[in-house]
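Novice: Before anything else, here's the structure in question.
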Amino acid sequence: MATSLLTSLTLMALFVITKSQTYEDCGTATITTSGSNPLPLTLSLARDETNSMVKITISGSSTVWIGASFGQGGGMNGAYGITGEEDGTLTVKERSLQQYGGGSVLTSQATSSSFANGIVTLERPYKIDGMTGYFDFTDLLTCQVDSINFGLANGDQLGFAKHTAKIGFQTFTSSCNCPTPQPTTAEPSAAPTTDPTSDPTDAPLTKAPTTTDQTSDPSKEPSSAPTPAPIAQPSLAPADGYEQCATAELISGIKLNIQRNSDEQMIRIMMAGPNTAWFGYGFGSEIMTGAYGITVEGADATSFGIRERALDSSDGPGASLEASGSTSVISDGESMLAILERPYSSTNGGFDFTDFMTCSIDNINIIAAQGSTTTMEFHSIYTPRKTEDPEVLTRLSTCICDDDTSSSTSSTIEPSDGGSANNIFNVFNIVVIVFVSVYSMT
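Numbering (the working numbering), first residue to last: 77 to 518.
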(Lines of atoms letter the chains of each structure in order from A; the text may use other names.)
(Lines give C-alpha, C1' and ligand atoms only; values in the text may rest on other atoms or scores of the structure.)
Protein backbone atom coordinates (compact mmCIF):
# COMPACT_ATOMS: atom_id res chain seq x y z
CA MET A 77 0.00 0.00 0.00
CA ALA A 78 2.76 2.38 1.02
CA THR A 79 4.77 1.39 -2.07
CA SER A 80 1.79 2.02 -4.35
CA LEU A 81 1.17 5.45 -2.78
CA LEU A 82 4.82 6.35 -3.16
CA THR A 83 4.76 5.31 -6.82
CA SER A 84 1.65 7.42 -7.44
CA LEU A 85 3.20 10.47 -5.80
CA THR A 86 6.37 10.01 -7.84
CA LEU A 87 4.42 9.83 -11.08
CA MET A 88 2.46 12.96 -10.14
CA ALA A 89 5.68 14.80 -9.38
CA LEU A 90 7.15 13.77 -12.71
CA PHE A 91 3.98 14.95 -14.48
CA VAL A 92 4.17 18.37 -12.81
CA ILE A 93 7.84 18.72 -13.70
CA THR A 94 7.14 17.71 -17.30
CA LYS A 95 4.30 20.19 -17.71
CA SER A 96 5.89 23.09 -15.82
CA GLN A 97 6.63 26.08 -18.03
CA THR A 98 10.09 27.57 -18.09
CA TYR A 99 10.32 30.50 -20.49
CA GLU A 100 13.48 31.58 -22.28
CA ASP A 101 13.79 35.27 -23.14
CA CYS A 102 13.85 35.78 -26.93
CA GLY A 103 14.34 39.53 -27.10
CA THR A 104 12.89 42.96 -26.43
CA ALA A 105 12.11 45.98 -28.61
CA THR A 106 11.27 49.44 -27.26
CA ILE A 107 9.83 52.01 -29.68
CA THR A 108 7.98 55.29 -29.22
CA THR A 109 4.68 55.51 -31.06
CA SER A 110 3.89 58.47 -33.28
CA GLY A 111 0.76 60.61 -33.01
CA SER A 112 -1.05 63.03 -30.73
CA ASN A 113 -0.33 60.93 -27.63
CA PRO A 114 3.06 59.23 -28.25
CA LEU A 115 4.33 56.71 -25.72
CA PRO A 116 7.40 54.48 -25.44
CA LEU A 117 6.11 50.91 -25.63
CA THR A 118 8.11 47.73 -25.12
CA LEU A 119 7.45 44.35 -26.73
CA SER A 120 9.07 41.22 -25.31
CA LEU A 121 8.80 37.61 -26.48
CA ALA A 122 9.76 34.46 -24.60
CA ARG A 123 9.36 30.79 -25.45
CA ASP A 124 8.79 27.48 -23.70
CA GLU A 125 10.31 24.95 -26.10
CA THR A 126 9.10 21.93 -24.14
CA ASN A 127 5.44 22.86 -24.52
CA SER A 128 5.70 25.03 -27.68
CA MET A 129 4.34 28.07 -25.86
CA VAL A 130 5.04 31.77 -26.39
CA LYS A 131 4.76 34.52 -23.77
CA ILE A 132 4.00 37.96 -25.21
CA THR A 133 4.58 40.99 -22.99
CA ILE A 134 3.67 44.59 -23.87
CA SER A 135 4.72 47.29 -21.42
CA GLY A 136 3.71 50.93 -21.48
CA SER A 137 1.12 52.92 -19.58
CA SER A 138 -1.44 52.05 -16.93
CA THR A 139 -3.71 54.96 -17.89
CA VAL A 140 -4.44 54.14 -21.56
CA TRP A 141 -4.98 51.03 -23.66
CA ILE A 142 -1.87 49.60 -25.33
CA GLY A 143 -1.40 46.92 -27.96
CA ALA A 144 0.75 45.18 -30.54
CA SER A 145 0.14 43.72 -34.00
CA PHE A 146 1.90 40.84 -35.74
CA GLY A 147 2.04 39.82 -39.40
CA GLN A 148 1.00 41.67 -42.58
CA GLY A 149 4.35 43.45 -42.66
CA GLY A 150 3.73 45.02 -39.26
CA GLY A 151 0.75 47.01 -40.48
CA MET A 152 -2.80 46.89 -39.17
CA ASN A 153 -5.00 45.50 -41.94
CA GLY A 154 -5.32 41.71 -41.57
CA ALA A 155 -2.84 41.51 -38.69
CA TYR A 156 -3.19 39.62 -35.39
CA GLY A 157 -3.54 42.07 -32.51
CA ILE A 158 -3.23 41.91 -28.72
CA THR A 159 -4.58 44.76 -26.59
CA GLY A 160 -4.64 45.55 -22.91
CA GLU A 161 -7.76 47.59 -22.25
CA GLU A 162 -10.64 48.27 -19.90
CA ASP A 163 -13.97 46.61 -20.66
CA GLY A 164 -15.71 46.68 -17.30
CA THR A 165 -12.45 45.42 -15.83
CA LEU A 166 -8.87 45.46 -17.08
CA THR A 167 -8.57 42.69 -19.64
CA VAL A 168 -6.50 41.35 -22.54
CA LYS A 169 -8.12 40.77 -25.93
CA GLU A 170 -6.94 39.10 -29.12
CA ARG A 171 -8.15 40.69 -32.35
CA SER A 172 -8.18 40.15 -36.09
CA LEU A 173 -7.36 43.71 -37.07
CA GLN A 174 -8.74 45.71 -39.97
CA GLN A 175 -7.65 49.03 -41.40
CA TYR A 176 -10.59 50.80 -39.75
CA GLY A 177 -12.68 50.10 -36.67
CA GLY A 178 -10.27 47.88 -34.73
CA GLY A 179 -11.34 44.66 -36.43
CA SER A 180 -13.06 41.76 -34.66
CA VAL A 181 -12.36 40.24 -31.24
CA LEU A 182 -11.14 36.64 -31.43
CA THR A 183 -11.99 33.87 -29.03
CA SER A 184 -8.98 33.94 -26.77
CA GLN A 185 -6.68 30.95 -27.06
CA ALA A 186 -4.46 32.12 -24.21
CA THR A 187 -3.70 29.77 -21.34
CA SER A 188 -2.95 32.83 -19.22
CA SER A 189 -3.34 36.58 -19.67
CA SER A 190 -3.36 39.74 -17.56
CA PHE A 191 -3.26 43.54 -17.82
CA ALA A 192 -2.03 45.25 -14.67
CA ASN A 193 0.26 48.15 -13.84
CA GLY A 194 0.68 49.03 -17.50
CA ILE A 195 1.88 45.54 -18.46
CA VAL A 196 0.05 43.15 -20.82
CA THR A 197 1.01 39.48 -20.58
CA LEU A 198 -0.40 36.67 -22.70
CA GLU A 199 0.69 33.04 -22.95
CA ARG A 200 -0.50 30.84 -25.81
CA PRO A 201 0.71 28.05 -28.12
CA TYR A 202 3.07 28.97 -30.94
CA LYS A 203 0.34 28.07 -33.44
CA ILE A 204 -3.44 27.95 -33.07
CA ASP A 205 -4.55 24.99 -35.16
CA GLY A 206 -7.83 25.01 -37.06
CA MET A 207 -8.59 28.69 -36.49
CA THR A 208 -7.93 31.82 -38.54
CA GLY A 209 -6.79 35.26 -37.47
CA TYR A 210 -4.06 34.11 -35.08
CA PHE A 211 -0.40 34.75 -35.86
CA ASP A 212 1.83 31.66 -36.05
CA PHE A 213 5.05 32.19 -34.05
CA THR A 214 6.47 28.76 -34.94
CA ASP A 215 8.99 29.84 -37.58
CA LEU A 216 10.44 32.57 -35.36
CA LEU A 217 10.69 30.51 -32.18
CA THR A 218 12.08 27.40 -33.92
CA CYS A 219 14.69 29.49 -35.76
CA GLN A 220 13.25 28.98 -39.24
CA VAL A 221 13.34 32.79 -39.57
CA ASP A 222 15.34 35.35 -37.59
CA SER A 223 12.74 38.11 -37.39
CA ILE A 224 9.09 39.08 -37.81
CA ASN A 225 7.29 42.36 -38.49
CA PHE A 226 5.21 44.02 -35.80
CA GLY A 227 3.50 47.27 -34.86
CA LEU A 228 2.61 49.08 -31.62
CA ALA A 229 -0.26 51.40 -30.76
CA ASN A 230 -1.95 53.17 -27.85
CA GLY A 231 -5.02 55.25 -27.14
CA ASP A 232 -5.71 58.20 -24.85
CA GLN A 233 -8.00 56.27 -22.49
CA LEU A 234 -8.27 52.77 -21.04
CA GLY A 235 -11.41 51.92 -23.01
CA PHE A 236 -10.59 50.63 -26.48
CA ALA A 237 -11.12 53.19 -29.24
CA LYS A 238 -9.24 54.49 -32.28
CA HIS A 239 -5.55 54.75 -31.55
CA THR A 240 -4.10 58.19 -30.94
CA ALA A 241 -0.52 57.07 -31.60
CA LYS A 242 0.97 54.13 -33.48
CA ILE A 243 4.05 52.87 -35.26
CA GLY A 244 4.02 50.07 -37.80
CA PHE A 245 6.34 48.05 -40.02
CA GLN A 246 8.92 47.41 -37.30
CA THR A 247 11.21 44.37 -37.12
CA PHE A 248 11.57 42.13 -34.08
CA THR A 249 14.71 40.00 -34.19
CA SER A 250 14.81 36.93 -31.97
CA SER A 251 17.79 36.39 -29.67
CA CYS A 252 16.86 32.73 -29.05
CA ASN A 253 19.03 29.98 -30.45
CA CYS A 254 18.08 26.50 -31.55
CA PRO A 255 20.27 23.43 -31.05
CA THR A 256 22.16 22.21 -34.09
CA PRO A 257 21.22 18.62 -34.96
CA GLN A 258 23.86 16.11 -33.94
CA PRO A 259 25.86 15.22 -37.04
CA THR A 260 25.80 11.61 -38.17
CA THR A 261 29.16 9.85 -37.85
CA ALA A 262 29.92 7.59 -40.78
CA GLU A 263 31.51 4.22 -40.33
CA PRO A 264 35.30 4.52 -40.43
CA SER A 265 36.98 3.49 -43.64
CA ALA A 266 38.76 0.19 -43.73
CA ALA A 267 42.44 0.35 -42.82
CA PRO A 268 44.38 1.54 -45.85
CA THR A 269 46.84 -0.82 -47.52
CA THR A 270 50.33 -0.18 -46.16
CA ASP A 271 52.31 -2.53 -48.41
CA PRO A 272 54.58 -0.57 -50.68
CA THR A 273 54.74 -1.38 -54.37
CA SER A 274 56.66 -4.60 -54.63
CA ASP A 275 59.14 -3.47 -57.25
CA PRO A 276 58.89 0.21 -58.04
CA THR A 277 60.37 1.36 -61.32
CA ASP A 278 63.03 4.01 -61.08
CA ALA A 279 62.36 6.73 -63.62
CA PRO A 280 65.47 7.82 -65.51
CA LEU A 281 66.94 11.14 -64.57
CA THR A 282 66.11 14.06 -66.82
CA LYS A 283 68.99 15.03 -69.02
CA ALA A 284 70.62 18.34 -68.44
CA PRO A 285 68.29 21.05 -69.70
CA THR A 286 69.25 22.97 -72.75
CA THR A 287 70.50 26.46 -71.96
CA THR A 288 69.72 29.14 -74.49
CA ASP A 289 72.64 31.38 -75.38
CA GLN A 290 72.36 34.94 -74.26
CA THR A 291 71.52 37.51 -76.87
CA SER A 292 74.80 38.77 -78.20
CA ASP A 293 73.99 42.44 -77.96
CA PRO A 294 70.74 43.18 -76.22
CA SER A 295 69.32 46.67 -76.58
CA LYS A 296 69.86 48.86 -73.56
CA GLU A 297 66.69 50.82 -74.28
CA PRO A 298 63.66 48.73 -73.22
CA SER A 299 60.47 48.99 -75.17
CA SER A 300 58.06 51.60 -73.85
CA ALA A 301 55.16 50.27 -71.81
CA PRO A 302 52.07 49.58 -73.95
CA THR A 303 49.27 52.09 -73.61
CA PRO A 304 46.26 50.42 -71.98
CA ALA A 305 42.96 50.78 -73.74
CA PRO A 306 40.65 53.15 -71.86
CA ILE A 307 37.64 51.63 -70.13
CA ALA A 308 34.46 53.28 -71.23
CA GLN A 309 32.71 55.00 -68.35
CA PRO A 310 28.94 54.70 -68.72
CA SER A 311 27.25 58.07 -68.66
CA LEU A 312 24.02 58.83 -66.87
CA ALA A 313 23.24 61.44 -69.48
CA PRO A 314 21.01 59.88 -72.17
CA ALA A 315 21.82 60.53 -75.80
CA ASP A 316 18.33 60.26 -77.29
CA GLY A 317 16.96 63.75 -76.76
CA TYR A 318 16.27 63.36 -73.04
CA GLU A 319 18.19 65.13 -70.27
CA GLN A 320 18.57 64.36 -66.60
CA CYS A 321 16.28 66.48 -64.37
CA ALA A 322 15.78 64.85 -60.95
CA THR A 323 16.68 61.85 -58.81
CA ALA A 324 15.45 60.49 -55.47
CA GLU A 325 15.75 57.46 -53.20
CA LEU A 326 13.17 57.79 -50.42
CA ILE A 327 13.42 54.06 -49.61
CA SER A 328 16.82 52.39 -49.63
CA GLY A 329 17.32 50.58 -52.93
CA ILE A 330 14.21 52.07 -54.59
CA LYS A 331 15.59 54.69 -56.97
CA LEU A 332 13.71 57.31 -58.98
CA ASN A 333 15.17 59.02 -62.05
CA ILE A 334 13.34 61.75 -64.02
CA GLN A 335 14.37 62.88 -67.51
CA ARG A 336 12.73 65.21 -70.02
CA ASN A 337 12.64 65.86 -73.73
CA SER A 338 11.92 69.58 -73.97
CA ASP A 339 11.39 69.57 -77.73
CA GLU A 340 8.70 66.90 -77.54
CA GLN A 341 7.29 67.95 -74.12
CA MET A 342 7.85 64.37 -72.92
CA ILE A 343 8.92 63.06 -69.53
CA ARG A 344 10.70 59.75 -68.86
CA ILE A 345 10.07 58.33 -65.39
CA MET A 346 12.42 55.51 -64.39
CA MET A 347 12.24 53.48 -61.19
CA ALA A 348 14.74 50.81 -60.20
CA GLY A 349 14.51 48.25 -57.39
CA PRO A 350 14.79 44.55 -56.50
CA ASN A 351 12.71 41.95 -58.33
CA THR A 352 11.48 40.38 -55.09
CA ALA A 353 8.62 42.80 -54.28
CA TRP A 354 6.45 45.51 -55.83
CA PHE A 355 7.53 49.14 -55.41
CA GLY A 356 6.49 52.56 -56.58
CA TYR A 357 6.42 56.33 -56.22
CA GLY A 358 3.57 58.80 -55.83
CA PHE A 359 3.57 62.37 -57.15
CA GLY A 360 1.75 65.57 -56.23
CA SER A 361 0.89 64.90 -52.57
CA GLU A 362 2.66 64.34 -49.24
CA ILE A 363 0.12 61.60 -48.40
CA MET A 364 -1.25 58.63 -50.29
CA THR A 365 -4.77 59.93 -50.95
CA GLY A 366 -4.74 62.32 -53.89
CA ALA A 367 -1.34 61.29 -55.22
CA TYR A 368 -0.64 60.00 -58.73
CA GLY A 369 0.96 56.61 -58.28
CA ILE A 370 3.24 54.58 -60.54
CA THR A 371 3.97 51.05 -59.34
CA VAL A 372 6.01 48.12 -60.63
CA GLU A 373 4.18 44.87 -59.87
CA GLY A 374 3.40 41.42 -61.23
CA ALA A 375 2.27 37.90 -60.47
CA ASP A 376 5.89 36.83 -60.05
CA ALA A 377 9.45 37.99 -60.71
CA THR A 378 9.13 37.22 -64.43
CA SER A 379 5.93 39.16 -65.13
CA PHE A 380 6.45 42.67 -63.78
CA GLY A 381 4.62 45.56 -65.41
CA ILE A 382 3.83 49.21 -64.71
CA ARG A 383 0.50 50.40 -63.29
CA GLU A 384 -0.74 53.98 -62.91
CA ARG A 385 -3.29 54.83 -60.21
CA ALA A 386 -5.15 57.67 -58.55
CA LEU A 387 -4.12 56.64 -55.05
CA ASP A 388 -6.68 56.47 -52.22
CA SER A 389 -5.85 55.02 -48.80
CA SER A 390 -9.53 54.46 -47.98
CA ASP A 391 -10.10 52.27 -51.04
CA GLY A 392 -7.16 49.90 -51.24
CA PRO A 393 -4.49 51.28 -53.56
CA GLY A 394 -7.02 53.43 -55.41
CA ALA A 395 -8.43 53.51 -58.95
CA SER A 396 -6.37 52.19 -61.87
CA LEU A 397 -5.73 54.65 -64.71
CA GLU A 398 -5.32 53.97 -68.39
CA ALA A 399 -1.69 53.93 -69.56
CA SER A 400 -0.52 57.46 -70.28
CA GLY A 401 2.37 56.48 -72.53
CA SER A 402 4.81 53.74 -73.48
CA THR A 403 6.16 51.42 -70.78
CA SER A 404 8.94 48.88 -70.53
CA VAL A 405 10.62 46.80 -67.85
CA ILE A 406 14.25 45.66 -67.96
CA SER A 407 15.70 43.04 -65.61
CA ASP A 408 19.25 41.89 -64.92
CA GLY A 409 18.14 38.90 -62.84
CA GLU A 410 18.27 40.71 -59.49
CA SER A 411 16.95 44.22 -60.13
CA MET A 412 14.38 45.79 -62.40
CA LEU A 413 14.28 49.07 -64.25
CA ALA A 414 10.77 50.27 -65.10
CA ILE A 415 10.38 53.04 -67.66
CA LEU A 416 7.34 55.17 -68.43
CA GLU A 417 7.52 57.77 -71.20
CA ARG A 418 4.51 60.09 -71.37
CA PRO A 419 3.60 63.72 -72.12
CA TYR A 420 4.17 66.31 -69.41
CA SER A 421 0.39 66.56 -69.12
CA SER A 422 -1.52 63.31 -69.58
CA THR A 423 -5.15 62.72 -70.48
CA ASN A 424 -5.71 59.87 -67.99
CA GLY A 425 -6.06 62.09 -64.91
CA GLY A 426 -2.47 61.55 -63.77
CA PHE A 427 -0.19 64.23 -62.39
CA ASP A 428 0.66 67.19 -64.64
CA PHE A 429 4.45 67.65 -64.70
CA THR A 430 4.35 70.75 -66.93
CA ASP A 431 5.16 73.35 -64.26
CA PHE A 432 7.98 71.20 -62.89
CA MET A 433 9.51 70.45 -66.28
CA THR A 434 9.22 74.04 -67.57
CA CYS A 435 10.80 75.56 -64.44
CA SER A 436 7.66 77.28 -63.18
CA ILE A 437 8.21 75.44 -59.88
CA ASP A 438 11.42 73.93 -58.50
CA ASN A 439 10.02 70.91 -56.64
CA ILE A 440 6.98 68.67 -56.19
CA ASN A 441 5.76 66.46 -53.34
CA ILE A 442 6.53 62.75 -53.62
CA ILE A 443 5.98 59.58 -51.58
CA ALA A 444 7.29 56.04 -51.97
CA ALA A 445 6.29 52.53 -50.91
CA GLN A 446 7.39 48.91 -51.24
CA GLY A 447 5.54 45.64 -50.65
CA SER A 448 6.60 42.26 -49.33
CA THR A 449 5.49 40.28 -52.41
CA THR A 450 5.47 40.93 -56.14
CA THR A 451 1.68 41.36 -56.29
CA MET A 452 0.05 44.61 -55.22
CA GLU A 453 -1.12 44.48 -51.61
CA PHE A 454 -0.68 46.47 -48.41
CA HIS A 455 2.76 48.09 -48.37
CA SER A 456 5.41 46.82 -45.92
CA ILE A 457 7.62 49.92 -46.20
CA TYR A 458 6.51 53.45 -46.93
CA THR A 459 7.53 57.05 -46.38
CA PRO A 460 5.71 58.38 -43.31
CA ARG A 461 3.52 61.44 -43.56
CA LYS A 462 5.35 64.67 -42.75
CA THR A 463 3.04 67.64 -42.35
CA GLU A 464 5.79 70.14 -41.56
CA ASP A 465 8.59 68.95 -43.82
CA PRO A 466 7.18 66.63 -46.52
CA GLU A 467 9.38 64.78 -48.99
CA VAL A 468 9.94 66.68 -52.23
CA LEU A 469 11.55 65.99 -55.60
CA THR A 470 13.77 68.94 -56.55
CA ARG A 471 14.79 69.71 -60.11
CA LEU A 472 18.56 69.55 -60.69
CA SER A 473 20.36 72.84 -61.24
CA THR A 474 21.57 71.46 -64.57
CA CYS A 475 17.98 70.98 -65.77
CA ILE A 476 17.29 74.53 -66.90
CA CYS A 477 14.82 76.25 -69.17
CA ASP A 478 15.38 78.64 -72.07
CA ASP A 479 14.90 81.74 -69.93
CA ASP A 480 17.14 80.46 -67.13
CA THR A 481 20.78 81.42 -67.76
CA SER A 482 22.07 80.97 -64.23
CA SER A 483 23.25 77.39 -64.69
CA SER A 484 25.27 75.30 -67.10
CA THR A 485 23.39 73.37 -69.77
CA SER A 486 25.30 70.19 -69.03
CA SER A 487 22.99 67.33 -68.09
CA THR A 488 25.50 64.88 -66.63
CA ILE A 489 25.31 64.02 -62.93
CA GLU A 490 27.66 62.36 -60.55
CA PRO A 491 27.01 58.62 -60.20
CA SER A 492 25.79 57.54 -56.79
CA ASP A 493 27.19 54.70 -54.71
CA GLY A 494 27.19 51.20 -56.15
CA GLY A 495 24.36 48.74 -55.97
CA SER A 496 22.41 46.69 -58.43
CA ALA A 497 19.63 49.27 -58.71
CA ASN A 498 22.18 51.95 -59.62
CA ASN A 499 24.01 49.61 -62.01
CA ILE A 500 20.84 48.88 -63.92
CA PHE A 501 20.37 52.64 -64.46
CA ASN A 502 23.81 52.64 -66.11
CA VAL A 503 22.89 49.64 -68.22
CA PHE A 504 19.74 51.44 -69.35
CA ASN A 505 21.59 54.46 -70.66
CA ILE A 506 23.90 52.28 -72.74
CA VAL A 507 21.22 50.13 -74.36
CA VAL A 508 18.09 52.26 -74.08
CA ILE A 509 17.17 52.16 -77.74
CA VAL A 510 17.45 48.37 -78.04
CA PHE A 511 15.67 47.53 -74.79
CA VAL A 512 12.80 49.94 -75.22
CA SER A 513 12.02 48.41 -78.58
CA VAL A 514 12.38 44.82 -77.33
CA TYR A 515 10.59 45.17 -74.00
CA SER A 516 7.91 47.63 -75.06
CA MET A 517 4.62 46.79 -73.38
CA THR A 518 2.36 49.25 -75.16
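For every residue, glycine included, the Cβ atom is placed at its ideal position computed from N, Cα and C. Everything numeric in this text was worked out from a predicted model, so none of it was measured.
Between the Cα of E27 and those of E340, I343 and L326, spot the shortest distance and give me the residue it belongs to.
Specialist: Coverage of the chain is limited to positions 77 through 518, which leaves residue 27 absent and any answer about it impossible.
Novice: Which word fits M364, buried or exposed, when buried means at least 16 other C-beta atoms lie within 10 angstroms of its C-beta?
Specialist: buried
Novice: For M152, collect the residues of the same chain with a Cβ closer than 7 angstroms to its Cβ; drop the 5 residues on either side in sequence, then sort them by chain order.
Specialist: S145, L173, Q175, G227 and G244
Novice: Tell me K169's beta-bridge partners as DSSP assigns them.
Specialist: T159
Novice: Can you tell me which of V168, T450 and L198 puts its alpha carbon nearest to the alpha carbon of L234?
Specialist: V168
Novice: What is the rounded straight-line gap between the Cα of T208 and the Cα of A322?
Specialist: 46 angstroms
Novice: What did DSSP end up calling D431 once you bin it into helix, strand or coil?
Specialist: helix
Novice: Whole-angstrom Cβ separation of S112 and A241, contact assumed at under 8 angstroms?
Specialist: Sure, about 7 angstroms apart at Cβ, within 8 angstroms.
Novice: Beta carbon of Y318, beta carbon of Q335: below 9 angstroms?
Specialist: yes
Novice: Have a look at F248 and L166 and give me their C-alpha separation to the nearest angstrom.
Specialist: Rounded to whole angstroms, the separation of the alpha carbons of L166 and F248 is 27 angstroms.
Novice: From the DSSP secondary-structure annotation, give me the bridge partner or partners of D101.
Specialist: A122
Novice: I need the straight-line Cα distance from A229 to P419, nearest angstrom please.
Specialist: 43 angstroms
Novice: For E100, which residues in the same chain have their Cβ closer than 8 angstroms to its Cβ, ignoring the five residues on either side in sequence?
Specialist: A122, R123, D124, E125 and C252
Novice: Hey, would you say F359 sits closer than 9 angstroms to A348, going by beta carbons?
Specialist: no
Novice: Let me make sure I understand the geometry here. Which of P393, N424 and T197 has the alpha-carbon closest to that of M452?
Specialist: P393
Novice: Could you tell me which residues DSSP puts in a beta bridge with E373?
Specialist: G381.
Novice: Can you give me the start and stop residues for the alpha helix (DSSP H) that T214 sits inside?
Specialist: DSSP places T214 inside the alpha helix (DSSP H), whose first and last residues are T214 to L217.
Novice: Please list, in chain order, all residues of the same chain as S223 whose beta carbon is under 8 angstroms from its beta carbon, the five residues on each side excluded.
Specialist: L216, T247, F248, T249 and S250
Novice: So if DSSP puts V181 in a beta bridge, which residue, or which two residues, is it bridged to?
Specialist: R171
Novice: At 3 residues or longer, what runs of the beta strand (DSSP E) sit wholly inside the segment 325 to 379?
Specialist: If you keep only unbroken beta strand (DSSP E) runs of at least 3 residues inside the segment 325 to 379, you get 330 to 337, 342 to 350, 355 to 359 and 368 to 373.
Novice: How many angstroms separate the CA atom of D316 from the CA atom of D339?
Specialist: Linking D316 to D339 through their CA atoms gives a straight-line distance of about 12 angstroms.
Novice: So, under 8 angstroms CB-CB, T423 and W354 are touching, yes? Tell me the CB distance rounded to an integer number of Å.
Specialist: 26 angstroms between Cβ atoms; not a contact.
Novice: In or out: A301 buried (at least 16 other Cβ within 10 Å) or exposed?
Specialist: For A301, the pLDDT reaches just 46, beneath the cut-off of 50, and the residue's location in the model is therefore unreliable, leaving the point undetermined.
Novice: Please report the distance separating the alpha-carbon of T197 from that of T118.
Specialist: 12 angstroms
Novice: Excluding the 5 residues preceding and the 5 following S483 in the sequence, name in chain order all residues of the same chain whose CB lies nearer than 7 angstroms to its CB.
Specialist: Any reading at S483 must be qualified, since the residue scores a pLDDT of 40, below 50, and its modelled position is unreliable; the value itself is stated next. Taken in chain order, the residues that qualify are S473, T474 and I476.
Novice: Taking 9 angstroms as the cut-off, decide whether the C-beta atoms of T108 and L115 are in contact.
Specialist: yes
Novice: Report the residue from E373, F454, C435 and M433 whose alpha carbon sits nearest the alpha carbon of A414.
Specialist: Its Cα nearest to that of A414, the residue E373 stands out among E373, F454, C435 and M433.
Novice: Under the assumption that I345 contacts Q446 (Cβ atoms under 8 angstroms), give the Cβ distance between them as a whole number of angstroms.
Specialist: That pair is no contact at about 17 angstroms.
Novice: Let me confirm a value: E398 is counted as buried when at least 16 other C-beta atoms fall within 10 Å, else exposed. Which label applies?
Specialist: By the Cβ-count criterion, E398 is exposed, with fewer than 16 other Cβ atoms from all chains shown falling within 10 Å of its own Cβ.
Novice: So, for S137: in the same chain, excluding its five sequence neighbours on each side, which residues have a beta-carbon less than 6 angstroms away from its beta-carbon?
Specialist: L115 and G194
Novice: I'd like to confirm the pairing. Which residues does DSSP put opposite T240 in its beta bridges?
Specialist: According to DSSP, which records beta bridges pairwise, T240 is partnered with nothing at all.
Novice: From P298 to E417, what does the alpha carbon distance come to, in whole angstroms?
Specialist: Its pLDDT being 48, under 50, P298 is placed unreliably by the model, and nothing is read from it.
Novice: Might you give, ordered along the chain, the residues of its own chain that have their beta carbon closer than 7 angstroms to the beta carbon of D376, omitting 5 neighbours on each side?
Specialist: T450, listed in sequence order.
Novice: Whole-angstrom Cβ separation of Q185 and R200, contact assumed at under 8 angstroms?
Specialist: 5 angstroms
Novice: Cα separation between T470 and D232?
Specialist: Cα to Cα, T470 sits roughly 39 angstroms from D232.
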